[in-house]
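Visitor:
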Amino acid sequence: MNTLTKSLTGLGLGAALTLTAGTAMAAGGGGCGTFTNADGVEESLACSSAPIDFTNKGSLQNGAKLFMNYCAGCHSAEFVRHSRIAKDLDIPPELVEKYLMVTTDQIGDFINPEIDPEIQASWFGAAPPDLTMVNRLRGDDWVYTYLLSFYEDPSRPWGANNLVLENAAMPHVLHNMQESLSQEEFESEVGDLVNYMAWMGEPVRHDRKVIGFFVILFLLVLLIPVYLLNKEFWKDVK
Ligand code: HEC
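Final position of the sequence shown in the working numbering is 335; the numbers increase by one with none missing.
#1: State yes or no: is the C-beta of ALA135 nearer than 7 Å to some heavy atom of ligand 1?
#2: For a quick check, are the C-beta atoms of ILE174 and LEU228 less than 8 Å apart?
#3: Any heavy atom of ligand 1 closer than 7 Å to the CB of ARG235?
#4: In this structure, does DSSP put SER141 in helix, strand or coil?
#5: Mind pulling the alpha helix (DSSP H) runs of 4 or more residues that sit fully within the segment 230-271?
#6: Could you please give the first and the last residue of the uninterrupted alpha helix (DSSP H) stretch that includes PHE283?
#7: Check the DSSP bridge columns for ARG178 and list the partner residues they point to.
#8: Apart from the five residues just before and just after LEU163, which ones in its own chain have a Cβ nearer than 6 Å to its Cβ?
#9: Measuring only from the beta carbon, is TYR243 closer than 7 Å to any heavy atom that is part of ligand 1?
#10: Would you mind giving the Cβ-Cβ distance between ASN258 and ASN264, rounded to the nearest angstrom? I have them listed as a contact below 8 Å.
#11: For SER145, collect the residues of the same chain with a Cβ closer than 7 Å to its Cβ; drop the 5 residues on either side in sequence, then sort them by chain order.
#12: Going along the chain, which residues of its own chain have a beta-carbon closer than 7 Å to the beta-carbon of ASN209, five neighbours each way excluded?
#13: So, is TYR324 buried or exposed, given that buried needs 16 or more other C-beta atoms within 10 angstroms?
#14: The alpha helix (DSSP H) with PHE151 in it runs from where to where?
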């Protein structure tokens with residue numbers, strides 16, 4: 098095998114490995130924890146699959162609305178500017194200013210309730226972490242399953258516990274929403290919320306995959322002339 102063919106094979110292998118690693122990471126891994134069933138037996142909880150679709154602007158917009166209304170009062174998303182939400186999610190800036198800015202009046206500001214984490218920790222027992230990257234840290238499916246897994250537990254300070262994150266310090270903030278909707282509707286709302294959270298963690302995720310596809314396609318097409326050229330160059334040498 099000559100050097101040119103070798104390096105091309107190397108390139109292809111590298112690309113394949115990168116793609117595989119990317120898929121493995123996107124899958125989250127790690128499962129969604131364990132719980133003790135009614136018979137006292139420990140069972141592992143399978144993650145539900147989050148409906149992530151960055152091309153669905155309606156879902157992302159609804160998710161942004163839910164996030165601002167239900168989550169931004171406690172959690173920051175320190176790396177997301179309100180103006181970026183307007184731009185990327187196709188929401189007119191006036192509407193973002195009117196409905197989606199719950200923690201500031203400057204559209205260029207990041208999402209941050211500006212509450213001292215120590216004070217929050219004294220309220221809840223743990224400080225609410227920043228949520229910009231939580232989907233990348235935990236996986237989309239983990240976050241989706243977590244938000245769907247609150248259950249009543251009178252022994253907890255807020256009357257709720259969570260199957261995925263045992264003894265979570267977070268109250269079941271979507272309780273009223275869950276009560277007023279059917280299970281299917283509730284899952285769809287939480288799906289939109291998690292879709293939006295995935296967007297916060299990596300706004301270019303969709304574009305990156307599309308670009309990646311065309312780059313690999315380009316390399317494959319390029320392989321044809323390069324192969325022919327290689328044959329041409331070496332034909333008199335042997
Ligand atoms: C009343 C304050 C409060 C509100 C409102 C709130 N949370 Fe939380 N959240 C917390 C606290 C406190 C924790 C830390 C839980 C722990 O570590 O036990 C937490 C933890 C989390 C975690 C787990 C992070 C991790 O990796 O451990 C996620 C995900 C999360 N919240 C998402 C949300 C979403 C989405 C919303 C809006 C629907 C929301 N939270 C609304 C207080 C809040």
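Quick reminder that beta carbons are idealized off the backbone N, C-alpha and C, glycines included.
All figures in this text were calculated on a predicted structure; none of them were measured in a lab.
Guide: Reading from the atomic positions:
#1: Because no heavy atom of ligand 1 lies under 7 Å away, the Cβ of ALA135 does not count as near it: no.
#2: It should be noted that the sequence gives Ala, not Ile, for residue 174. Contact flag set, yes.
#3: Distances from the CB of ARG235 to the heavy atoms of ligand 1 include at least one below 7 Å.
#4: In the structure shown, the three-state DSSP call for SER141 is strand.
#5: At a cut-off of 4 residues, the continuous stretches assigned as alpha helix (DSSP H) that sit fully inside the segment 230-271 are 231-235 and 237-245.
#6: Its alpha helix (DSSP H) spans residues 280-298.
#7: PHE207.
#8: LEU290.
#9: Yes, since a heavy atom of ligand 1 falls inside the 7 Å radius drawn around the Cβ of TYR243.
#10: Going by Cβ atoms, the distance from ASN258 to ASN264 rounds to 6 Å, so yes, they are a contact pair.
#11: If we look at SER145 and ignore the five residues flanking it on each side, its Cβ neighbours are ASP238, TYR241, THR242 and LEU245.
#12: The residues are SER173, GLU175 and THR200.
#13: So TYR324 counts as exposed.
#14: Annotation for PHE151: no alpha helix (DSSP H) segment contains it, and DSSP assigns it neither H nor E.
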